[in-house]
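Data first, discussion second: the structure below is written as structure tokens.
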Amino acid sequence: MKRMVSLACVLALAVSMMAGCGSKKEETKAAETTAETTAETTAETAGESAAAGDSGKLIMATEAGFAPYEYTEDGQTVIGVDVDIANEIAKAMGKELEIQNMTFDGALLAVQQGVVDFAAAGISVTPARQEEMDFTIEYATSRQVVVVKKDAGKLASVEDVQAGTVVGVQTGTTADFYCGDEGCEVKQYGKYAEAAMELKNDKIDCIVMDSLPAEQLVAANDDLEILEGELFTDKYAIAVKKGNTELLDQMNEVLQKLVDEGKVDEFTINHTTK
């Protein structure tokens, strides 16, 4: 889906954890607070990042509102494609996987700070992000699609998403960045379920999101539908702290094997055919 933050936001966050992105994204300040709280909690329970010691754990940061990549069925236990991949990586390293569920922006900040070993949350590789963290090989390709309310008559095709269109997005995702650049009136949400409710109440014209979670969303809301076609495609990778080449090499070895053996496709099918 996914996930891009403007260069201005990345630079501001690098200068100060309390800076945020100014008037464009007021939600970022709350995300920073979440990341700081997560960092303190992780430091207290684990001493330091697992990457900095032999804790026997491999700590993953994610935002569990992005099915089928990461989501919950019971409100607590995080599952999904990225979790299956992470479990395979942890198994190969002889470690226990620990998952820290937080906001998407918070997950990116946590990995930059080194309070988690890696972040896996449908993360897109961008030049701005590459300045702040390192990335594994890309392991998944996604399509960004448009979800609308049935019979609303506001949008007939993906080409109708243009300047002035009121678009719902998840904060910090590729869609957030893309739609803002296209001149759309962007409404940011922490969870897609919130955006779906706003769409059904005619508060927004559409939601722009990854095709797989979009299919999950529409399956759970029979008054919504996906327009034919796509706005653009996106690819995902796992983020690690800048300079952590040892962990990066270990992850890439496992990821490449999973891709070559078709395991990533298998994981995806398992989480999209329930």
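Take the sequence shown: its position 8, counting from 1, is numbered 973 in this note's numbering, and each next residue is one higher.
Here a beta-carbon is modelled for each residue, glycine too, at the ideal position from N, C-alpha and C.
For clarity, every value in this text was computed on a predicted model and none was experimentally measured.
When Leu1062, Tyr1104, Met1162, Phe1142 are compared, the shortest CA-CA separation from asparagine 1186 is found for Met1162. Sixteen is the threshold: since fewer than 16 other Cβ atoms of the shown chains lie within 10 Å of the Cβ of proline 1092, the residue is exposed. Shown here for glutamate 1150: same chain residues with a beta carbon closer than 6 Å to its own, the five before and five after excluded, namely Val1131 in chain order. Taking the Cα positions, glycine 1129 is about 45 Å away from aspartate 1214. If you draw a 10 Å sphere on the C-beta of serine 1122, you find fewer than 16 other C-beta atoms in it, and that means exposed.
Our two residues, valine 1224 and valine 1090, have alpha carbons roughly 18 Å apart in a direct line.
In this structure, the beta-carbon distance from lysine 1165 to aspartate 1188 falls below 8 Å. One Cα belongs to phenylalanine 1100, the other to methionine 1216, and the distance between them is close to 10 Å. The DSSP assignment places no complete alpha helix (DSSP H) segment of no fewer than 4 residues inside the segment 1021 to 1049. Contact between leucine 1182 and valine 1112 holds: CB atoms are separated by about 6 Å, below the 8 Å threshold. For isoleucine 1064, the enclosing beta strand (DSSP E) stretches over residues 1061 to 1066. The three-state secondary structure of lysine 1056, taken from DSSP, is helix. Distance from the CA atom of isoleucine 1172 to the CA atom of threonine 1138, rounded to whole angstroms, is 12 Å. At a Cβ-Cβ threshold of 8 Å, glutamine 1065 and alanine 1057 do not count as neighbours. Per DSSP, the continuous alpha helix (DSSP H) segment holding cysteine 1144 begins and ends at 1139 to 1146. A direct Cα-Cα distance of roughly 44 Å separates glutamate 1147 from lysine 1060.
For glutamate 1028, the closest C-alpha among the options Leu1212, Ser1020, Thr1042 is that of Thr1042.
In the DSSP assignment, lysine 1152 falls within the unbroken beta strand (DSSP E) covering 1150 to 1154. If you draw a straight line from the Cα of valine 1229 to the Cα of aspartate 1170, it is about 33 Å long. Secondary structure of serine 1176 (DSSP, three-state): helix.
Here alanine 1085 really is in contact with aspartate 1047; their C-beta atoms are around 4 Å apart, less than 8 Å. Secondary structure note for glutamine 1078: its alpha helix (DSSP H) is the uninterrupted segment 1069 to 1078.
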